[in-house]
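K.L.:
Chains as they are written, first to last, in UniProt numbering: chain A, 1 to 336; chain B, 1 to 141.
Cβ coordinates follow ideal geometry from the N, Cα and C atoms, glycine included.
Supplied in structure tokens, the structure appears directly below.
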Amino acid sequence: MIILAIESSCDETSAAVLVNGDMRSNVIAAQLIHEQYGGVVPELASRAHQQHIWPVVERALADASVAKTDLSAVAFTRGPGLLGSLLVGASFAKALALGLAIPLIEVNHMQAHVLAHFIDDPERPEKPNFPFLCLTVSGGHTQIVRVDGPLAMHVIGQTMDDAVGEAFDKSAKLLGLPYPGGPLIDKYAAEGNPLAYRFPMSEMPDLNFSFSGIKTAILYFLRQQTKDNPDFIQQHLPDICASIQHTLIQMLLTKLKRAVRETGITQIAIAGGVSANRGLRTALNQLGQEQNWQIFIPRFEYCTDNAAMIAMAAKFKFEQGDFVDQTVSPLPRLSF
Amino acid sequence: MTLELKHLDDIDSVAHRLLAAGREQPVWLFEGDMGAGKTTLIKALCRALGVLTPVQSPTYSIVNEYTTHEGHPVYHFDCYRLRNEAEALDIGIEEYLASGNYCFIEWPERVVSLWPARYFQVQLTAGADDQRTIEARLVTD
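Laid out in structure tokens, this is it:
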């Protein structure tokens, strides 16, 4: 079984080739462009997906030493994402499947983030057993997912406004750091005192999150402090960053603890770009030790948007014979 | 019109008053600093229009589409991540703006040349202690 998978839901164009259980290649356009031209990586460049999709697919096939005619199926991200971006991947995949007369598989981007945990990785031989909980955290999403099987999962908690990655990026912006500044908050936080300042944690019912209030809290806090001392931010950046990061992480972990209490499930996985945050990884591992949870964190390239996770999800669907025909179209607000 | 929002609890009544004034205009432009409450106000407007699904921030997705209980689409844009108007054209912003459905747009400053000739402008300013001043007016070029 050889699957070519394409991911184009947001900013990244990516293609991956899975040969039986072996992830042979996982190419992301930004990397390719950087390698070839050494230039600036566009964030949401015009027509970027259309320009990138062919070179990225060709490279993924070449890296995997696979010819197009060897493929058993083509998979693509159907949603959620930006319609214009999704259309590029979907149209490409449909045309290729039609031309090669092989099955077409649609994949939900958010389910694929969860299934990234099942990609074979020699450095991480242990995989979660069903059922487990997955905290999916990124610039666009914040979810707690109960996973009962590869294709049986449901969202038991999610954000009602901003995603946690967005809260990181916008907090950074309020501090005058460049956008997206989430990783910079993590960097400065490492040298700061997380309890230096207190920001309110929003109270949400159930397992849902709200991250929009913290922006306003930070805005008022900075306005007050810089009134007395115009250099307040520069002088206290590590402490401010550590306190913001601590607040956001605690908001995530509080709900995760509640989800464990309510479900009795103690295998905890984390997915999405924000799982690269060192503060979150450390806090989660500590909590896991205290609470006797088993924690799973995939390697970084499988956390951010990538086609390897789409290929992994497609493998499970291939085994079930879960294919779609040429009438399929992308769904920007696809949920599960 | 100028509306003073003293408490967050009053936001639903503010949303109803804004809708009474801007109901005829499909395109609404929201201006205000980060943290001023643009997304929070749009959530209240969507609630008032009968959107039942969660109204999440479109900063990352650029545009979210919701449906009112009567089946009308509502488009919620955030142009914050767009670097220029060409990127907005790439996602088909003109078709959304010309659809006649409500388009609530955050950070419209990024796409000035694409503003329609008539729009409803909403400016938010954060005052002390969670108070907000909301100025709204119909603009016709």
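Just the Cα atoms here: how many angstroms apart are A:S9 and B:H69?
P.N.:
28 Å
K.L.:
Among the candidates A:F211, A:K227 and A:L222, whose CA atom is the shortest distance from the CA of A:M251?
P.N.:
A:F211
K.L.:
Could you tell me whether the Cβ atoms of A:A311 and A:I105 are closer together than 7 Å?
P.N.:
no
K.L.:
Roughly how many angstroms separate the alpha carbons of A:D239 and A:F199, rounded to a whole number?
P.N.:
12 Å
K.L.:
Using the beta-carbon count (16 or more within 10 Å), is A:D11 buried or exposed?
P.N.:
buried
K.L.:
I want to see whether chain A comes within less than 7 Å of B:P54, judged by CB atoms only; does it?
P.N.:
yes
K.L.:
Given a limit of 9 Å on CB to CB distance, which residues of the region 21-48 of chain B reach chain A?
P.N.:
D33, M34, G35, A36, G37, T39, T40 and K43
K.L.:
With a Cβ-Cβ cutoff of 7 Å, do A:L184 and A:L177 count as a contact?
P.N.:
yes
K.L.:
Is the region 325-334 of chain A touching the region 72-91 of chain A in the sense that three or more CB pairs, one from each, lie closer than 8 Å?
P.N.:
Segments in contact, yes.
K.L.:
If I measure Cβ to Cβ from A:P180 and keep anything under 6 Å in the same chain, skipping five residues before and after, which residues do I get?
P.N.:
D169
K.L.:
In three-state DSSP terms, what is A:G39?
P.N.:
Since pLDDT at A:G39 reaches only 41, below the 50 mark, its modelled position is unreliable, and no value is offered.
K.L.:
Mark B:L52 as exposed unless 16 or more other C-beta atoms lie within 10 angstroms of its C-beta, in which case mark it buried.
P.N.:
Counting other Cβ atoms within 10 Å of its Cβ, B:L52 stays below 16 and is therefore classed as exposed.
K.L.:
Where do the N-terminal and C-terminal ends of the alpha helix (DSSP H) with A:R261 fall, by residue?
P.N.:
F232 to T263
K.L.:
Of all the options B:R110, B:I105 and B:L45, which has the alpha carbon lying nearest to the alpha carbon of B:P58?
P.N.:
Comparing C-alpha distances from B:P58 to each of B:R110, B:I105 and B:L45 shows the shortest one belongs to B:I105.
K.L.:
Tell me whether B:G100 sits in a helix, a strand or coil according to DSSP, three-state version.
P.N.:
Three-state DSSP puts B:G100 in coil, outside helix and strand.
K.L.:
Expressed to the nearest angstrom, what Euclidean distance is found between the alpha-carbon atoms of A:L284 and A:M110?
P.N.:
Computed Cα separation, rounded: 21 Å.
K.L.:
Could you tell me whether any Cβ in chain B is nearer than 7 Å to the Cβ of A:K170?
P.N.:
Answer yes: the Cβ-Cβ gap between A:K170 and chain B drops below 7 Å somewhere.
K.L.:
Along the alpha helix (DSSP H) that carries A:S85, what are the first and last residues, could you check?
P.N.:
Here the alpha helix (DSSP H) through A:S85 covers L83 to L100.
K.L.:
Listed from N- to C-terminal order along the chain, which residues in the region 82-104 of chain B have their beta-carbon within a distance smaller than 9 Å of any beta-carbon of chain A?
P.N.:
Listed by position along the chain: L82, R83, N84, A86, E87, L89, D90, I91 and G92.
K.L.:
Quick check: the region 109-123 of chain A against the region 55-74 of chain A, are there 3 or more CB pairs under 8 Å?
P.N.:
no
K.L.:
So what does DSSP say about A:D120, is it helix, strand or coil?
P.N.:
coil
K.L.:
Does the Cβ-Cβ distance between A:A29 and A:V57 come in under 7 Å?
P.N.:
It is not a contact, given that the beta carbons lie outside the stated cut-off.
K.L.:
Could you check where the beta strand (DSSP E) with A:T136 kicks off and where it finishes?
P.N.:
F132 to V137
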